[in-house]
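The next block holds one structure in the form of structure tokens; read it before the comments.
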Amino acid sequence: MYFKKRFVILFLLLGLAIIFGLIKGAVNIPLSNLLLGDNRVIFNLRLLRIIAAILVGSGLAVSGIVLQAILRNPLAEPYLLGTSSGAGLAAVVAVIAGVSRIYLPLAAFLGAVLSIIIVYNLARERGIIADQSLILSGVIISVVFSSIIVFLVSLFGNEAMHEMNWWLWGSLQVYDHKLIFLVALPVVLGICAIYLFSQDLNAISMGEDEAKHLGINTQAIKKILILITALITASLICICGIIGFVGLIVPHMMRMVVGPNHKILIPLTCLAASVFVVLCDLLSRTLFAPVEIPIGVITAIIGAPVFIILLKKGKRI
Amino acid sequence: MGIMLEIKNISGGYYKENIIKGISLDVTRGDFLVVIGPNGSGKTTLLRLVTRALPLRKGEVLYKGQDTLHMNLKEFCRRIAFVSQDASTGFSFTVMELVLMGRIPHLKRLQFESKRDIEIAREKLMLTDTFSLKDKRMDELSAGERQRVIIARALAQEPELLFLDEPTSHLDIGHQIQALDLLKKLNRRNGLTIVMILHDLNLAAAYANRIALLDKGVIFKAGTPEEVLTYQNIEAVYKTIVLVGKNPVTGKPNLVLVPGEN
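Order-wise, the sequence lines are chains E and X. The first sequence runs 2 to 318 under my numbering. The second sequence runs 96 to 357 under my numbering.
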């Protein structure tokens with residue numbers, strides 16, 4: 002079993018990434034001075050970003066793993082259920098209605114939850130969720146909500162658009178540590194709950210009939226898992242906006258490297274995705290400092306070539 | 096020789112129309128029952144109805160006198176295993192990982208496999224002659240090896256009754272015989288009761304102790320190979336002419352096809 006070795010390596014990498022994340026930035030601070038005087042404030046801000054990055058990485062990647070396995074669709078990803086456009090729409094409406102900025106995360110969360118409820122109910126037929134209907138409903142709701150966003154923005158002009166930007170491209174700039182801990186709760190508990198279903202996920206990924214023949218109540222477990230991933234995604238959207246790529250490609254990359262067994266895949270992916278997002282965030286704020294590049298841009302530009310190399314190599318490492 | 100499974104007048108299907116229209120059939124302990132019938136006669140649907148993959152619209156299935164719908168699904172799967180036709184099309188698990196999934200019915204929620212489960216998985220790998228493959232990925236295997244691994248997973252469920260849907264459909268004749276010999280061995284030595292769909296009527300004749308011939312969702316004839324595989328029955332159901340002789344080695348019926356234009 003390479004599991005332990007890989008776990009240790011990824012753990013060390015995460016440690017290194019965190020240290021880099023703390024000392025590098027618009028201002029570089031040597032490790033020894035990190036806790037001294039005024040540096041303390043910068044340290045706290047950077048630490049919050051790193052925590053956010055770890056939550057976002059693990060949460061999105063694990064949600065992607067789950068949705069790809071239960072829907073048996075390689076294009077499944079955390080925003081599939083319309084969460085991203087739902088959150089975006091709610092945020093735009095809130096801005097136009099003149100709601101205080103403090104309440105934007107709450108509005109986004111509610112918007113995400115609302116869109117999940119709509120998509121889920123559209124896909125349900127006689128108590129059964131069919132995979133294809135769920136995917137199609139998600140796509141339709143996303144398109145409708147996105148069009149409404151564009152419609153509202155073109156009516157009400159730049160003000161709303163400006164507020165929207167960080168949402169659409171994602172940012173880990175978090176000022177409110179209370180919000181982070183509020184979000185950490187559902188994300189961490191959700192990932193732990195998903196891990197307990199790893200053997201069920203293995204079976205369901207083979208097909209619904211196969212899983213039924215192994216004694217698994219597939220409909221109930223699918224519903225629970227969809228609900229958990231929706232909750233994780235909606236929570237993350239309200240602190241970081243929409244960060245593409247992580248939830249779609251990182252699961253594929255990790256499956257190529259460590260295989261599809263969810264008992265191994267889930268913990269290793271949490272670590273790898275955390276390293277990935279911490280480093281991407283570091284680049285997003287240092288590459289053209291003091292200008293910050295949206296992290297969604299970085300994740301795509303760095304992740305895509307890595308993924309293509311793995312795909313072309315075709316072999317597991 | 097008690098009755099293990101009583102199928103009582105069941106009906107069911109996918110859309111409005113029933114595909115299975117009132118089938119009754121008993122499976123006796125130690126049976127090697129082969130289900131045959133033309134394409135679309137409802138063989139796979141029958142197996143899916145009986146194994147609870149598809150809901151019954153009428154009738155009931157009793158396992159040792161107990162209504163299977165009242166059995167806990169995991170308990171059901173500890174007694175009855177199913178090898179489907181296109182098994183293993185998902186991600187590429189290793190052979191060991193796949194066979195360990197057969198232990199799921201024996202595990203409680205939130206319980207991971209113990210040493211004993213791994214021991215049982217190894218034992219089934221040995222039994223199906225796939226132990227040397229245990230660390231390979233499923234997509235590295237040949238069709239014959241893959242089929243034996245899928246059978247090993249079903250055996251890891253430690254069932255008393257094993258259903259198989261055309262286990263030999265992707266195999267050449269050598270591997271067909273190999274897979275069926277394995278099942279015969281399990282049937283004879285380990286007392287595993289087997290219900291299997293086969294397309295090849297000569298293979299059905301050679302291995303089955305009983306055959307059920309399906310036609311348009313009902314049982315046309317069930318009985319010993321000699322009783323079922325007559326040229327009248329085959330012509331009535333398959334709309335084709337065959338000669339029925341005797342396999343010189345097994346003494347079982349042997350069908351010879353008669354091509355047209357002759």
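All C-beta atoms in this analysis are idealised placements derived from N, C-alpha and C, irrespective of residue type, glycine included.
Item                                                                                                                                                                    : Value
From L36(E) to I10(E), what distance separates their C-alpha atoms?                                                                                                     : 27 Å
Taking only the alpha-carbon atoms, compute the straight-line gap between F177(X) and N282(X) and give it to the nearest angstrom.                                      : 15 Å
If you compare alpha carbons, which of E209(E), Y104(E), V298(E) and A274(E) is closest to A53(E)?                                                                      : A274(E)
Any contact of the stretch 288 to 304 of chain E with the stretch 238 to 252 of chain E, i.e. 3+ C-beta pairs under 8 Å?                                                : yes
Against R256(E), what residues of chain X qualify as contacts under a CB-to-CB distance less than 8 Å, listed in chain order?                                           : F186
Flag H214(E) as yes if its beta-carbon sits less than 9 Å from any beta-carbon of chain X, otherwise no.                                                                : yes
What is the residue span of the alpha helix (DSSP H) that L156(E) lies within?                                                                                          : D132 to F157
Check whether chain X comes within 9 Å of K313(E), counting only Cβ atoms and requiring the distance to be less than that.                                              : no
Would you list, in sequence order, the uninterrupted alpha helix (DSSP H) runs of no fewer than 4 residues that lie entirely inside the stretch 193 to 270 of chain E?  : 199 to 205, 209 to 213, 219 to 241 and 247 to 259
How many angstroms separate the CA atom of G98(X) from the CA atom of A249(X)?                                                                                          : The identity of residue 98(X) in the sequence shown is Ile, whereas the question assumes Gly. Rounded to the nearest angstrom, the two C-alpha atoms are 22 Å apart.
Take K219(X) and list the residues in its own chain whose beta-carbon comes closer than 7 Å to its own, dropping the five residues that flank it on each side.          : V194, A247, L250 and A251
Thinking C271(E) and S59(E) are a contact (beta carbons under 8 Å), I'd like their distance in whole angstroms, please.                                                 : 4 Å
Taking the straight line between their C-alpha atoms, what separation do you get for E322(X) and Q242(X)?                                                               : 31 Å
Using alpha carbons as the reference points, say which of N328(X), N285(X) and I118(X) lies closest to L296(X).                                                         : N328(X)
At least one CB of chain E closer than 9 Å to the CB of Q252(X): is that the case?                                                                                      : yes
Residues in the same chain with beta-carbon distance under 6 Å from A235(E), minus the five sequence neighbours each way, listed in chain order, please.                : T84, F110, A113 and V114
When you check each C-beta in the stretch 73 to 94 of chain E against every C-beta of chain X, which residues fall closer than 9 Å?                                     : R73
So, helix, strand or coil for M233(X), using DSSP?                                                                                                                      : helix
The ligand ZN and L169(E): does the residue's C-beta get closer than 8 Å to at least one heavy atom of that ligand?                                                     : No copy of the ligand ZN appears in this structure; indeed no ligand is present at all.
Quick one: Cα of A221(E) to Cα of S148(E), how far?                                                                                                                     : 33 Å
As an exercise, report each continuous alpha helix (DSSP H) stretch of at least 4 residues that is fully enclosed by the stretch 227 to 282 of chain X, in chain order. : 238 to 251
The beta strand (DSSP E) that contains K341(X), what's its start and end?                                                                                               : V337 to K341
Take S187(X) and list the residues in its own chain whose beta-carbon comes closer than 7 Å to its own, dropping the five residues that flank it on each side.          : R232, M233 and D234
Assign G269(X) to buried or exposed, taking buried as 16 or more other Cβ atoms, counted over all protein chains shown, within 10 Å of its Cβ.                          : exposed
Would I217(E) pass as an interface residue toward chain B - the criterion being a Cβ-Cβ separation below 9 Å?                                                           : The chain inventory of the structure shown lacks chain B, comprising the protein chains E and X.
Please confirm if E214(X) has its CB atom under 9 Å from at least one CB of chain E.                                                                                    : no
Should S116(E) be labelled buried (16 or more other beta-carbon atoms within 10 Å of its own) or exposed?                                                               : buried
Among the candidates I302(E), P252(E), H214(E) and G304(E), whose CA atom is the shortest distance from the CA of L76(E)?                                               : P252(E)
Using only alpha-carbon positions, find the residue among G340(X), S136(X), I336(X) and L205(X) that is nearest to N113(X).                                             : S136(X)
Buried or exposed, going by whether 16 or more other CB atoms sit within 10 Å of the CB of I318(E)?                                                                     : Here I318(E) scores only 38 on pLDDT, less than 50, and its place in the model should not be relied on; the value that follows carries that caveat. Label assigned to I318(E): exposed.
Hey, quick one: how far does the alpha helix (DSSP H) through R73(E) stretch, first residue to last?                                                                    : Element bounds for R73(E): n/a, residue is neither H nor E.
By a C-beta neighbour count over all protein chains shown, 10 Å radius and 16 as the cutoff for buried, is N203(E) buried or exposed?                                   : buried
Comparing the C-beta of S64(E) with each C-beta of chain X, is any distance below 9 Å?                                                                                  : no
Report yes or no: do three or more beta-carbon pairs, one from the stretch 300 to 317 of chain E and one from the stretch 119 to 129 of chain X, lie closer than 8 Å?   : no
Note down, in chain order, each residue of its chain lying with its Cβ closer than 6 Å to the Cβ of L100(X), except the 5 sequence neighbours on either side.           : V122 and Y158
Going along the stretch 126 to 143 of chain E in order, which residues come within less than 7 Å of chain X, judged by CB to CB distance?                               : none
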